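Worksheet: the structure to be examined is printed underneath.
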Amino acid sequence: MTTIVVGVLGALGLVSFFHLGLFDLSSLLRAASNLRQFILETFPPQFEILPALMHAIWETIQISFAGTLLGLFLSLPLAFLAARNLFGRWVAGAVRLIVGGIRTVPSILFGVIFVIAFGLGPTAGTWGVALYTVGYLAKLYYEAFEAVDVEVIEAVKSTGCNRLQLFRFVIVPETANTMISQLLFMFEYNIRASTMMGFVGAGGIGYYMVGYVQMLQYQHLLTTLILTFLVVMTIDYLSLRIRSVITVAKN
Amino acid sequence: MIEHTQGYDALTNPSDAILSAIGIEHSYDGKTNVLSGVNVTLRQGSLVMVVGRSASGKTTLVKILANVIKPTRGQVNLKINGGHLTRPIAYIPQHLGLVRNLTSLDNVLMGALGYTPTWRSLIKKFDRGVYDKAMDILSELGIKDKAEKKIWHLSGGERQRVAIARALIQNPRIILADEFVAQLDVITAMEILEIMKKLVQRNIALLVTTHDVSLVRKYADRVIMMNKGNILDTHDASQDISLEEILKTIQ
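Protein chains in written order, with the numbering used here: chain F, 8 to 258; chain C, 20 to 270.
What follows is the structure in structure tokens.
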């Protein structure tokens with residue numbers, strides 16, 4: 008049985024490789040030569056353009072931060088309604104369908120949609136990141152809400168409180184550390200999403216990246232990538248430190 | 020079909036019963052009955068202990084009496100005329116159901132959610148009288164100095180007292196506590212049961228489940244012995260029954 012499965016998968020792989028031109032030797036040689044040329048033209052990076060890029064990278068960080076916050080405000084009510092331990096199957100199911108629908112849209116498409124709505128610039132990017140955030144954060148949150156100890160919910164429910172009071176006094180305090188941790192992770196992740204927003208003119212460093220590619224200024228492109236890499240690594244590190252402090256506090 | 024009614028069935032219950040459950044059956048999976056036609060009555064100002072081994076149906080019975088779950092069949096009658104600041108039944112689950120991330124005082128105030136307007140409770144604006152009452156109860160239970168401490172900083176006995184305080188702020192006529200002292204050392208368990216004994220003198224009816232039969236003779240006014248979803252025997256004067264008899268019955 009295993010031999011048949013491996014054989015079928017192998018055959019499918021070979022057909023796909025062939026169909027996609029991965030066995031085309033002349034094409035592979037041409038690509039290697041182009042890449043070599045590209046790498047030669049990329050080095051060394053030109054750090055004298057850094058002052059000009061600082062404004063754009065700062066805008067990317069702002070898009071990510073504001074987009075994540077906006078996403079948080081939109082996610083909370085959706086996660087509240089989507090938690091099956093707070094609402095019935097039908098309400099939770101309908102809201103989950105909406106959240107799932109939002110999650111299927113790629114961030115860059117949200118960027119395009121909001122560029123149409125708001126015009127070029129960071130406002131479109133911020134809304135794009137916010138909607139993208141909702142798809143993931145709402146799911147992470149309703150799953151955290153549903154993991155709250157059923158005994159605590161039953162005990163507080165028995166005092167005669169309503170769903171909003173239950174959310175305020177049980178669900179939020181019991182999941183606060185998880186929520187903050189996931190929010191920081193989302194912010195960290197959104198730095199990358201915000202970079203992409205620039206590709207469609209929705210603000211930030213991505214706009215420069217696309218511009219340098221189009222103008223064949225690969226040394227400038229490399230400088231931009233290094234700057235973005237440094238910012239992403241710094242935010243990843245800070246976020247990791249904060250999240251580890253939260254995890255320690257939680258335990 | 021359960022009915023938590025304000026009236027009560029004079030034909031099937033003694034006249035001084037404030038809570039009576041008649042013919043309670045329950046099944047979680049629709050196949051196996053965890054309770055099979057249980058009848059229980061609770062009189063004002065009495066401490067009833069329900070003893071039985073694990074999986075004898077004690078927890079399910081308490082949840083049904085507390086209206087946390089609905090029985091598959093049977094009826095629960097409540098004969099209490101409470102004011103608007105009263106929850107007739109307070110429920111304390113096995114692991115107490117406290118919100119660990121909040122302070123003792125916050126947990127006690129949660130008992131007042133049922134009679135506090137939603138918008139005021141959401142911004143934690145409880146009436147001065149409710150705050151004072153919460154502090155008075157904490158003081159009476161000897162943990163006033165722990166009011167601002169979060170639950171996870173408290174010992175087992177202190178948590179138990181917070182759970183009692185949350186029950187008391189509901190001005191209940193009945194307190195239902197499941198495996199209430201199961202996780203405490205003998206001395207602390209006895210301290211807590213002494214507190215419960217004092218509550219009985221205030222005309223509060225108490226129903227406490229336990230698998231620790233040694234506590235029964237000292238504290239219970241009445242003992243109900245359960246096994247495999249059935250009540251096997253009840254004794255009005257628990258002093259008259261020996262430990263050996265109880266153990267033999269519930270085995």
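Idealized CB from N, CA, C, for every residue including glycine.
Bear in mind the structure is a predicted one, so any value in this text is a computation, not a measurement.
- Within the stretch 141–205 of chain C, the runs of alpha helix (DSSP H) at least 4 residues long that lie entirely inside it are, in chain order, 147–159, 175–187.
- In this structure residue 37 of chain C does not touch residue 58 of chain C by the C-beta definition: roughly 15 Å separates them, more than the 8 Å allowed.
- Across the set F:107, F:251, F:201, the C-alpha of F:201 shows the shortest separation from the C-alpha of residue 129 of chain F.
- Residue 212 of chain C and residue 199 of chain C have their C-alpha atoms spaced approximately 9 Å apart.
- Identification of chain C residues near residue 177 of chain F by a Cβ-Cβ cut-off of 7 Å yields 118, ordered along the chain.
- Counting only runs of at least 4 residues, the stretch 73–112 of chain F fully encloses the following alpha helix (DSSP H) elements, listed from N- to C-terminal order: 96–111.
- For residue 153 of chain F, no CB of chain C lies under 8 Å from its own CB, so it is not counted at the interface with that chain.
- By the Cβ-count criterion, residue 26 of chain F is exposed, with fewer than 16 other Cβ atoms from all chains shown falling within 10 Å of its own Cβ.
- The beta carbon of residue 67 of chain F sits no closer than 8 Å to any beta carbon of chain C.
- For a Cβ distance threshold of 9 Å, residue set 112, 113, 114, 115, 116 of chain C lies close to residue 158 of chain F, ordered along the chain.
- Per DSSP, residue 26 of chain F lies in no beta strand (DSSP E); the unbroken alpha helix (DSSP H) holding it starts and ends at 9–26.
- Excluding residues up to 5 positions away in sequence, nothing lies with its Cβ nearer than 8 Å to the Cβ of residue 240 of chain F in the same chain.
- Within the stretch 188–254 of chain F, the complete alpha helix (DSSP H) runs of at least 4 residues fall at 213–221.
- For residue 183 of chain F, the neighbours in chain C by C-beta distance under 8 Å run, in chain order, 120.
- Look at residue 169 of chain F: its C-beta is under 8 Å from a C-beta on chain C.
- Taken atom to atom, the span from the alpha-carbon of residue 88 of chain F to that of residue 99 of chain F is near 6 Å.
- Scanning the stretch 51–138 of chain C for uninterrupted alpha helix (DSSP H) segments of 4 residues or longer gives 77–84, 123–128, listed from N- to C-terminal end.
- Flagged as an interface residue toward chain C: residue 163 of chain F, by a C-beta distance shorter than 8 Å.
- Residue state for residue 165 of chain F is assigned as coil, using DSSP reduced to three classes.
- What residue 166 of chain F touches in chain C, judged by beta-carbon distance under 7 Å, is 106, 129, 130, 132, 133, 189, going in chain order.
- Residue 250 of chain C: member of the beta strand (DSSP E) spanning 249–254, first to last residue.
- By the criterion of at least three beta-carbon pairs nearer than 8 Å, the stretch 225–241 of chain C is not in contact with the stretch 119–133 of chain C.
- Neighbours of residue 141 of chain C in chain F, taken as residues at a C-beta separation under 8 Å, are given in chain order as 171, 172, 175.
- Against chain F, the beta carbon of residue 57 of chain C has no neighbour under 9 Å; the closest one sits roughly 20 Å away.
- When secondary structure is reduced to three states using DSSP, residue 184 of chain F falls in the helix class.
- At a Cβ-Cβ threshold of 8 Å, residue 118 of chain F and residue 209 of chain F count as neighbours.
- By the neighbour-count criterion, in which a residue is buried when 16 or more other Cβ atoms sit within 10 angstroms of its Cβ, residue 162 of chain C is buried.
- A straight line joining the alpha-carbon of residue 193 of chain C with that of residue 218 of chain C spans about 10 Å.
- Residue 145 of chain F has its alpha-carbon roughly 26 Å from the corresponding atom of residue 206 of chain F.
- Taking residue 130 of chain C as the centre and dropping the five residues before and after it, the same chain places the C-beta of 185, 188, 189 closer than 6 Å to its C-beta, in chain order.
- Non-local beta-carbon contacts of residue 264 of chain C in its own chain, meaning distances under 7 Å to residues more than five positions away in sequence, are absent.
- Spatial neighbours of residue 155 of chain C in its own chain (CB-CB distance under 7 Å, excluding positions within 5 residues in sequence) are not present.
- Per DSSP, reduced to three states, the secondary structure at residue 64 of chain F is helical.
- Below the 9 Å Cβ cutoff, chain C contributes 118, 119, 120, 121, 125 as neighbours of residue 180 of chain F, in chain order.
- Taking 7 Å as the cut-off between beta carbons, the residues of the stretch 80–92 of chain C near chain F are 85, 87, in sequence order.
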